[in-house]
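Asks: Pasting a structure below so you can have a look.
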Amino acid sequence: MLPVTRSFLDPQVLSRLSALPLLARFAMQGNISGRHASPHRGSSVEFAEYRKYVPGDDLRRLDWRAYGRTDRYYVKEFEADTNLRCCLVVDTSGSMEFASKGNPTKLFFAKCLAGTLAYLATQQGDAVGLACASEKLHQNIPPRRSPAHLKVVLDQLEQSKGAGETRLPAVLHELAETFRQRALVVVVSDLFVDTAELKSALEHLRFRKHDVVVFHLLDPQEIAFDFQRPVRFLDMEGGLPLFTDPTELADRYHRALQDYLEGIRTISMETGVDYHRAVTNESYEQTLTRCLLGRTASRGVR
Amino acid sequence: MNFLQPWLLLALPLLAIPIVIHLIHLRRYQSIPWAAMQFLLTATKMSSGYSRLRQWLVLALRALALAALVFFMARPLASGVSSWLASDVSQLQILVLDRSPSMQQTVGEQGTTKLQAVLDNYIKWNTTVGTGATVVFTSAFDEPLEFASAQQLLGDPRLQGNSLTSDLPALVENATRYIEQKGAARATIWIATDRMESDWKSQSGEWGTIRSAVKDGSADIRFQVLLADSAMQNRSIQLEEAKLVPTDKGSELSLSCRVLFSPQSGAGSSDTKQTVPLEIRIGEANTLVNVEVVSGLGELKGFRVPVEQASGKAAGWGSIQLPPDSNLADNIAYFAFEPPVPRKTLIVSEDATRLEAISLAANISPDGSVQHSVQIIEPSQLSSVLWEDVVFVVWHGPLPPGEDSALIKGFVERGGQVLFLPPEYPTEQSFMGLRWSAWVQAESASTEEVGQRLGPWRNDTVLLGNTQNGSAVPLGDILVTRYCTMETSGLELASLPKEIPWLVRLEPASEAAIGTAYAMASTSQLSDLVQRMIHEGSERLGRRSNRDVEGTAKSWSGTTELVLGNEQALSNRRFEHAGVYREESRTFAQNRKRDEDTTIKISDQDLERTFEGLVWFRVDASIQDSGVVQEVWRWFAWCMLIALLAESVLSLPSKRNQTIRRT
Numbered sequence: 001m002l003p004v005t006r007s008f009l010d011p012q013v014l015s016r017l018s019a020l021p022l023l024a025r026f027a028m029q030g031n032i033s034g035r036h037a038s039p040h041r042g043s044s045v046e047f048a049e050y051r052k053y054v055p056g057d058d059l060r061r062l063d064w065r066a067y068g069r070t071d072r073y074y075v076k077e078f079e080a081d082t083n084l085r086c087c088l089v090v091d092t093s094g095s096m097e098f099a100s101k102g103n104p105t106k107l108f109f110a111k112c113l114a115g116t117l118a119y120l121a122t123q124q125g126d127a128v129g130l131a132c133a134s135e136k137l138h139q140n141i142p143p144r145r146s147p148a149h150l151k152v153v154l155d156q157l158e159q160s161k162g163a164g165e166t167r168l169p170a171v172l173h174e175l176a177e178t179f180r181q182r183a184l185v186v187v188v189s190d191l192f193v194d195t196a197e198l199k200s201a202l203e204h205l206r207f208r209k210h211d212v213v214v215f216h217l218l219d220p221q222e223i224a225f226d227f228q229r230p231v232r233f234l235d236m237e238g239g240l241p242l243f244t245d246p247t248e249l250a251d252r253y254h255r256a257l258q259d260y261l262e263g264i265r266t267i268s269m270e271t272g273v274d275y276h277r278a279v280t281n282e283s284y285e286q287t288l289t290r291c292l293l294g295r296t297a298s299r300g301v302r
Numbered sequence: 001m002n003f004l005q006p007w008l009l010l011a012l013p014l015l016a017i018p019i020v021i022h023l024i025h026l027r028r029y030q031s032i033p034w035a036a037m038q039f040l041l042t043a044t045k046m047s048s049g050y051s052r053l054r055q056w057l058v059l060a061l062r063a064l065a066l067a068a069l070v071f072f073m074a075r076p077l078a079s080g081v082s083s084w085l086a087s088d089v090s091q092l093q094i095l096v097l098d099r100s101p102s103m104q105q106t107v108g109e110q111g112t113t114k115l116q117a118v119l120d121n122y123i124k125w126n127t128t129v130g131t132g133a134t135v136v137f138t139s140a141f142d143e144p145l146e147f148a149s150a151q152q153l154l155g156d157p158r159l160q161g162n163s164l165t166s167d168l169p170a171l172v173e174n175a176t177r178y179i180e181q182k183g184a185a186r187a188t189i190w191i192a193t194d195r196m197e198s199d200w201k202s203q204s205g206e207w208g209t210i211r212s213a214v215k216d217g218s219a220d221i222r223f224q225v226l227l228a229d230s231a232m233q234n235r236s237i238q239l240e241e242a243k244l245v246p247t248d249k250g251s252e253l254s255l256s257c258r259v260l261f262s263p264q265s266g267a268g269s270s271d272t273k274q275t276v277p278l279e280i281r282i283g284e285a286n287t288l289v290n291v292e293v294v295s296g297l298g299e300l301k302g303f304r305v306p307v308e309q310a311s312g313k314a315a316g317w318g319s320i321q322l323p324p325d326s327n328l329a330d331n332i333a334y335f336a337f338e339p340p341v342p343r344k345t346l347i348v349s350e351d352a353t354r355l356e357a358i359s360l361a362a363n364i365s366p367d368g369s370v371q372h373s374v375q376i377i378e379p380s381q382l383s384s385v386l387w388e389d390v391v392f393v394v395w396h397g398p399l400p401p402g403e404d405s406a407l408i409k410g411f412v413e414r415g416g417q418v419l420f421l422p423p424e425y426p427t428e429q430s431f432m433g434l435r436w437s438a439w440v441q442a443e444s445a446s447t448e449e450v451g452q453r454l455g456p457w458r459n460d461t462v463l464l465g466n467t468q469n470g471s472a473v474p475l476g477d478i479l480v481t482r483y484c485t486m487e488t489s490g491l492e493l494a495s496l497p498k499e500i501p502w503l504v505r506l507e508p509a510s511e512a513a514i515g516t517a518y519a520m521a522s523t524s525q526l527s528d529l530v531q532r533m534i535h536e537g538s539e540r541l542g543r544r545s546n547r548d549v550e551g552t553a554k555s556w557s558g559t560t561e562l563v564l565g566n567e568q569a570l571s572n573r574r575f576e577h578a579g580v581y582r583e584e585s586r587t588f589a590q591n592r593k594r595d596e597d598t599t600i601k602i603s604d605q606d607l608e609r610t611f612e613g614l615v616w617f618r619v620d621a622s623i624q625d626s627g628v629v630q631e632v633w634r635w636f637a638w639c640m641l642i643a644l645l646a647e648s649v650l651s652l653p654s655k656r657n658q659t660i661r662r663t
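From first to last, the protein sequence lines stand for chains U and V.
Sequential numbering from 1 applies to the first sequence in the numbering used here.
Sequential numbering from 1 applies to the second sequence in the numbering used here.
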């Protein structure tokens, strides 16, 4: 059992979620044996195919029975299971620090999600890395699978604070170029970015054969927008403030929000990312359970 | 649109409250760190047409609701001009009330009369507006009746219907004079009546005088004509004659009457015959007679009733009654009868031989049932005359001095008629504004005639009016060869050429005088004038058994008792009601004037002409009316309610889809 002493980690939640595997939807190229499908043949118990013997093959893998029946040499091949590289991309822009009354900040919610996923991945032998992104890539911890590395990741998560603008698409482009092998890229963000740029970045990741999971975080007040008085809105990412009467603006705000959410949903479907929308007044455990169960059902093809 | 409490309109600036609140609301903003700025920026760039319009609509509706509340509290009034009249409640309110029999016609099935309808309307208006005091001018009252509140008008016995024809021009003139006397700056004269021309007298010159007086007067007078009308059928009865006719067996009562249908009646407007039963009551005995009514008119001519069988004596009283209809006031005619009273003419002359023609004319009775007699005396014998039967005095000689003067004046005051003829030798003596000057030989107008012909003369007087068949009295046939000039301040009735007065009505001896004195410049013979003076004297001295109701109690003594008629009338106001009355041993009947039964109505054009140049308004009163003026605060309450409802609907938050799908 790994040590759990972080505010954003709940041992009971971890205990409950341990029963659910974190699986990749696509074949992963790991270094060692693991729980994930691999594009290569290996030594698992799952039969893959027969192949003609070529000189150099290990004679131990020759299928003598097939030789007895056909008088030809066939080698019996099995599927390979490997581990994965899980790269957690957490948005640490200023907007992630927003929290309405009685609800956690989006960044804390992101830490909960990312920390729990890191723990689960490490527990099942996968490599975990962390990238903190705002206007640029602040921290980039490459994926490693040792439990000691988990401490580094969790420390970094704990220390991260929201500030600056969101340049998530650029960061994702950069990461897409950085990862040498297929990876599970988990993006936790409020996605307050240009949708076209976001689409481009996600397509880039998918082009690189990465399995992309997007946790889209929203605060309840950002959805409801139920202010009764005129409000001077201060941009948390350093933009100009905006003075307005929300009662007058509410209809159009909701229309814009709806259009945006529809756009994000369309992008997620077009790019094939595993998209999960989470409202911060919900339990992050539900969000993760939903995600993990969904992935179990669609375990990766090779 | 006017208001009972217009000062409350000062609260109208309160309309700014929603705007001020809106501005304050804008000032009370809070600063909030916000993440989803991109949606806000997108929202502000979107079209805000409807949203902005809704905001302004809400603001306008809130202001409208406040305005409606202010108007509601200010008690708005409607009904056009009535509300305008009510705008100044401090003004003097005068009610000219028509209480004539035509106003006692019902206007609906509930039995409400026109009089009650106009009174109810006025009271409602007054109560609503709260003007308070009302001064009432009505027939048979010389002085106005003052009421502290309009409610007092209700049920006041003095304001019940009577049998008099209202003289509206005279009443309105009295009202305007009253306003001037009171020095009121503004006043409203309410004329509560119907359209009967007999009351309006629209062709009377008095209306012109009233118009001038109102225009020239200092007071701002407005007229409000409160008209009542009824479409119900009505029949009325008029007594033509009730006289005793001597027969071989004693006396018979000859009755003549007319039954009139109102023109609205279907039976009256067509040629169809209709039989109307008349109930004739003589004393305590009743007789039923059917009268055929053709084209709206039925007549009973000379219906004979043996008096001995009816009452057992030569004098008596009774009534003729129609079946009940929409107006009970004109369904009955009263009569009284008695043996004719002798009419005695007293000729006081120094030279009676010159008055033989007059004596002869006075001695002839135009009606065989009335006895005429003449007594000729000298002026010195005047004190010995028994005045009981004298109805006409011809004074030929120097004008009466001293005690004679008092006797003659007393006779005129009682109602007697006196004709002064010039003496042969005029003196300086004067009497009732008359003084004889000198005899003048009349110049002949042509060689064919001797003397001067009379003319012109006034035919609008009782004495010189046209005869019943419309022809003029034959004054033009008289040739005056010699006349005596006179100095007088009386009214000239007939004159010789060159405006030389020939017949003059002298100034009344006193205001209470009922009779009349005349002066004639020559001793010409004119039996018609003599007969008319005798008849007039007889009438004025109260020798008539049947007469019209008069609007004055001058000839009414305190001992007069009601025999048959309106028992609900006040005892001191009986003179204005039709009925049979007994004064000492004599019984007489009085009925409404015939004018009251005429169905001529004043037209809209005449009504407009009557008030031409004046500020006047007309309101048709009916029992269905809720009043000539209405408070319309309900409309403003509804307006406020609707405004608040619309505001709340517009202010409702739009239905938001807060369930954001997770994926």
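Don't be surprised by glycine CBs; every beta carbon is placed ideally from N, CA and C.
Short of 8 Å in beta carbon distance, which residues of its chain neighbour Gly161 (chain V), apart from the five on each side in sequence? Order them along the chain.
Replies: Taking the first residue of the second sequence as position 1, residue 161 (chain V) is located at position 161. If we look at Gly161 (chain V) and ignore the five residues flanking it on each side, its Cβ neighbours are Arg99, Ser100, Pro101, Met103, Gln104, Thr113, Leu115 and Ala329.
Asks: Using a Cβ cut-off of 9 Å (strictly closer), state whether Lys111 (chain U) contacts chain V.
Replies: If you number the first sequence from 1, residue 111 (chain U) lands on position 111. It does not: the Cβ of Lys111 (chain U) has no partner Cβ on chain V nearer than 9 Å.
Asks: Just the C-alpha distance for Gly155 (chain V) and Leu145 (chain V), rounded to the nearest angstrom, thanks.
Replies: Locating residue 155 (chain V) in the second sequence gives position 155, where the first residue counts as 1. Locating residue 145 (chain V) in the second sequence gives position 145, where the first residue counts as 1. Those two C-alpha atoms are separated by around 14 Å.
Asks: Run through the DSSP bridge pairs and tell me what Leu419 (chain V) is partnered with.
Replies: Here residue 419 (chain V) is taken as the residue at index 419 of the second sequence, counted from 1. BP columns for Leu419 (chain V) point to V:Val394 and V:Tyr518.
Asks: Applying the 10 Å Cβ sphere with the 16-neighbour rule, what's the burial state of Asn126 (chain V)?
Replies: As a working mapping, residue 126 (chain V) is identified with position 126 in the second sequence. Buried, since its Cβ has 16 or more Cβ neighbours within 10 Å.
Asks: Is Leu670 (chain V) near Ala67 (chain V), with beta carbons less than 9 Å apart?
Replies: An answer regarding residue 670 (chain V) cannot be provided, because it is not within the stretch 1 to 663 covered by chain V.
Asks: With three or more beta-carbon pairs closer than 8 Å as the criterion, would you say the region 132-143 of chain U touches the region 165-172 of chain U?
Replies: Touching, yes.
Asks: Residues of chain V with CB under 9 Å from Pro230 (chain U), in chain order?
Replies: Within the first sequence, residue 230 (chain U) is the residue found at index 230, counting from 1. Residues of chain V passing the Cβ test: His25, Leu26, Arg27, Arg28, Tyr29 and Gln30.
Asks: If you drop the 5 nearest sequence neighbours on each side, which residues of the same chain put their C-beta closer than 8 Å to that of Arg232 (chain U)?
Replies: Stepping through the first sequence from its first residue, residue 232 (chain U) is reached at position 232. Around Arg232 (chain U): Pro241, Leu242 and Phe243.
Asks: Taking all protein chains shown into account, do 16 or more other C-beta atoms lie within 10 angstroms of the C-beta of Gln156 (chain U), making it buried, or fewer, making it exposed?
Replies: Start at 1 with the first residue of the first sequence, and residue 156 (chain U) comes out as number 156. Its Cβ being crowded by 16 or more others within 10 Å, Gln156 (chain U) is buried.
Asks: Have a look at Arg547 (chain V) and Pro277 (chain V) and give me their C-alpha separation to the nearest angstrom.
Replies: Position 547 of the second sequence, counted from the first residue, corresponds to residue 547 (chain V). Position 277 of the second sequence, counted from the first residue, corresponds to residue 277 (chain V). Going by the C-alpha atoms only, they are around 25 Å apart.
Asks: Per DSSP, Phe137 (chain V) is paired with what?
Replies: Position 137 of the second sequence, counted from the start, is the residue given in the question as residue 137 (chain V). According to DSSP, Phe137 (chain V) bridges with V:Val96.
Asks: Under a three-way DSSP split, which group does Lys498 (chain V) fall into?
Replies: As a working note, residue 498 (chain V) is residue 498 in the second sequence. Helix.
Asks: Less than 6 Å between C-beta atoms, sequence neighbours within five positions excluded: which residues of the same chain meet that for Gln309 (chain V)?
Replies: One-based indexing of the second sequence puts residue 309 (chain V) at position 309. Because the pLDDT of Gln309 (chain V) is 49, which lies under 50, any placement of that residue in the model is unreliable, and the question is left without a value.
Asks: 9 Å is my cut-off, CB to CB: does Gln224 (chain V) come that close to chain U?
Replies: The sequence position of residue 224 (chain V) within the second sequence is 224, counting from 1. No, Gln224 (chain V) does not count as interfacial toward chain U.
Asks: Leaving out the 5 sequence neighbours to the left and right, which residues in its chain are closer than 8 Å to Ser204 (chain V) when beta-carbon positions are compared?
Replies: On the second sequence, residue 204 (chain V) is found 204 positions in, with the first residue counted as 1. Only Pro169 meet the Cβ criterion.
Asks: Excluding the five sequence neighbours on either side, which residues of its own chain have a C-beta within less than 6 Å of the C-beta of Arg16 (chain U), listed in chain order?
Replies: Within the first sequence, residue 16 (chain U) is the residue found at index 16, counting from 1. Once the five neighbours on either side are set aside, Arg16 (chain U) has no close Cβ partner at all.
Asks: In whole angstroms, give me the CA-to-CA distance for Glu448 (chain V) and Arg482 (chain V).
Replies: To locate residue 448 (chain V), count along the second sequence from 1; it is residue 448. To locate residue 482 (chain V), count along the second sequence from 1; it is residue 482. Computed Cα separation, rounded: 17 Å.
Asks: Does the beta-carbon distance from Gly318 (chain V) to Ile280 (chain V) come in below 9 Å?
Replies: The residue given as residue 318 (chain V) occupies position 318 in the second sequence. The residue given as residue 280 (chain V) occupies position 280 in the second sequence. In this structure, Ile280 (chain V) lies closer than 9 Å to Gly318 (chain V) by Cβ.
Asks: Output, in chain order, the set of chain V residues within a Cβ distance shorter than 7 Å of Tyr260 (chain U).
Replies: Mapped onto the first sequence, residue 260 (chain U) falls at position 260. Going along chain V in sequence order, the residues near Tyr260 (chain U) (Cβ under 7 Å) are Phe39.
Asks: Thinking C-beta only, is Ser218 (chain V) closer than 9 Å to Val107 (chain V)?
Replies: Taking the first residue of the second sequence as position 1, residue 107 (chain V) is located at position 107. Taking the first residue of the second sequence as position 1, residue 218 (chain V) is located at position 218. No, the Cβ-Cβ distance between Val107 (chain V) and Ser218 (chain V) is not below 9 Å.
Asks: On the DSSP letters alone, give me the boundaries of the alpha helix (DSSP H) that Leu609 (chain V) sits inside.
Replies: The sequence position of residue 609 (chain V) within the second sequence is 609, counting from 1. Sequence check: residue 609 (chain V) is Arg here, not Leu. Per DSSP, Arg609 (chain V) belongs to the alpha helix (DSSP H) from Asp604 to Thr610.
Asks: Is Ala163 (chain U) a contact residue of the ligand NAD, with contact defined as CB to any heavy atom under 8 Å?
Replies: Of the ligands one can find in the structure shown there are none, so the ligand NAD has no counterpart to examine.
Asks: Do you know whose CA, among U:Ala224, U:Gly263, U:Gly239 and U:Tyr73, lies nearest Pro246 (chain U)'s CA?
Replies: Position 246 of the first sequence holds residue 246 (chain U). It is U:Ala224.
Asks: Cutting at 6 Å between CB atoms, please list the residues of its own chain near Pro230 (chain U), excluding the five before and the five after it.
Replies: As a first step, residue 230 (chain U) is located in the first sequence; it is residue number 230 there, counting from the start. Excluding sequence neighbours, Pro230 (chain U) sits near Asp245.
Asks: Taking the DSSP output, what are the residues bridged to Ala133 (chain U)?
Replies: Here residue 133 (chain U) refers to the residue found at position 133 of the first sequence. Per DSSP, U:Asp91 and U:Leu137.
Asks: Quick one: any contact between the region 501-511 of chain V and the region 425-442 of chain V, if contact means 3 or more CB pairs under 8 Å?
Replies: Taking 8 Å as the limit for Cβ pairs, the verdict is that the region 425-442 of chain V does touch the region 501-511 of chain V.
Asks: Do the region 416-425 of chain V and the region 360-377 of chain V meet, that is, are 3 or more Cβ pairs less than 8 Å apart?
Replies: The answer is no - the region 360-377 of chain V does not touch the region 416-425 of chain V, with fewer than three Cβ pairs under 8 Å.
Asks: Is there a C-beta anywhere in chain U that falls below 9 Å from the one on Pro33 (chain V)?
Replies: To locate residue 33 (chain V), count along the second sequence from 1; it is residue 33. Yes - at least one Cβ of chain U is within 9 Å of the one on Pro33 (chain V).
Asks: Here's the rule I'm using: 16 or more other beta-carbon atoms within 10 Å means buried, otherwise exposed. How should Tyr122 (chain V) be labelled?
Replies: For the purposes of this step, residue 122 (chain V) is taken as the residue at position 122 of the second sequence. Its Cβ being crowded by 16 or more others within 10 Å, Tyr122 (chain V) is buried.
Asks: Given this structure, state the Cα-to-Cα distance separating Pro220 (chain U) from Ala74 (chain V), to the nearest angstrom.
Replies: The residue labelled residue 220 (chain U) in the question sits at position 220 within the first sequence. The residue labelled residue 74 (chain V) in the question sits at position 74 within the second sequence. Distance between the alpha carbons of Pro220 (chain U) and Ala74 (chain V): 50 Å.
Asks: From what residue to what residue does the alpha helix (DSSP H) around Asp251 (chain U) run?
Replies: Taking the first sequence and counting its residues from 1, the one referred to as residue 251 (chain U) is at position 251. Per DSSP, Asp251 (chain U) belongs to the alpha helix (DSSP H) from Pro246 to Thr271.
Asks: Residues in its own chain within less than 7 Å of Ile600 (chain V) by CB, not counting five upstream and five downstream?
Replies: Against the second sequence, residue 600 (chain V) aligns to sequence position 600. Excluding positions up to five away in sequence, the list reads Glu197.
Asks: So the candidates are U:Arg252, U:Arg180 and U:Phe8; which of them puts its Cα closest to the Cα of Thr44 (chain V)?
Replies: Numbered from its first residue, the second sequence carries residue 44 (chain V) at position 44. Nearest of U:Arg252, U:Arg180 and U:Phe8 to Thr44 (chain V), Cα basis: U:Arg252.
Asks: Is it buried or exposed, Glu576 (chain V), if we count other Cβ atoms within 10 angstroms and call 16 or more buried?
Replies: What you label residue 576 (chain V) is simply residue 576 of the second sequence in a count that begins at 1. The residue in question, Glu576 (chain V), is buried, as its Cβ has 16 or more Cβ neighbours within 10 Å.
Asks: In chain order, what residues of the same chain have a beta carbon less than 6 Å from the beta carbon of Ala361 (chain V), not counting five sequence neighbours either side?
Replies: Here the question's residue 361 (chain V) lines up with position 361 in the second sequence. Result list for Ala361 (chain V): Ser527 and Val530, in chain order.
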